Structures are given as C-alpha cells and as structure tokens.
Amino acid sequence: EAFYALDAIVKDLIPGGLSRSLVGFRTSVLVLGDLVKTCLPQLWLEMEGLDAPADEVLGLLCPHWFISFFCNAFPLALVFEFWDAVFLDGPAALFQLALAILDSFEA
C-alpha cells in the first residue's frame, strides 16, 4: 500500500515525472530555469557563462531534488518538514525549496 500511496503522490506533484521519457521532470527543470532567470538573475548569468547551456546545468543539479523529492539531499528530519510544505502548498513548494537552495549558491 505504501508504494501505491507514493505513486499517487508523485503523479499528482509532477505529472509524467517518472515516465520513461521523464517529460514531467524535464518540464520542471524548464520551469525552474524560468524562475531562476526571474528571481536569481545573477546566478543565471553565471550559469550561462559555463560551457553548457544553463538549462542543462540545472538538469544536472536537479535530478535528486525533483525525482526523489529531496530525500537524497537532506537529513530525514528536514525532508519530513519539506514534505509537510509540499502537502500543504503542492508543487509550488518543490520550486520554492529549489530556489532557496540555488539562492544560497548565489551569495
């Protein structure tokens, strides 16, 4: 039953996120890219200065964040607090946390 509950949560938060093509994940990376351009323009400019396109850089940074819902990135107690925010605010919380992490890199 736990698997089916997790499956429903993932499908609700990132539709198509765990499909074979990962279309939901790729869409989430593009959305995050637009948010970074708007909210963290200095970081976006720094990423554009790298040898790869900035969207691809985010695609390398974000798999563990969006696919595992941050389970591999933080201590479990913090992950539980984050999941509480996701259950309350929905997918927007995924992007808010990703932006907060990226903002800490900008400083």
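Taking the numbering used here as reference, the numbering of the sequence shown is continuous, increasing by one, and the terminal residue is 113. Virtual Cβ for every residue (Gly too), placed ideally from N, Cα, C. Because the structure is a prediction, the values reported are computed rather than measured.
If you look at residue 77, you'll find it isn't in any alpha helix (DSSP H); DSSP assigns it neither H nor E. Between the stretch 30-37 and the stretch 59-77 there are three or more C-beta pairs closer than 8 Å, enough to call the two in contact.
With contact defined as three or more Cβ pairs closer than 8 Å, the stretch 36-53 and the stretch 92-110 are in contact. Here residue 92 has 99 as same chain residues with Cβ atoms under 6 Å from its own Cβ, once five neighbours each way along the sequence are excluded.
In the structure shown, the three-state DSSP call for residue 27 is coil. When secondary structure is reduced to three states using DSSP, residue 68 falls in the coil class, being assigned neither helix nor strand. In this structure, DSSP gives residue 18 a helical state, which the three-state scheme calls helix.
By the C-beta density criterion, residue 30 is buried, having at least 16 other C-beta atoms within 10 angstroms.
For residue 47, the three-state secondary structure derived from DSSP is helix.
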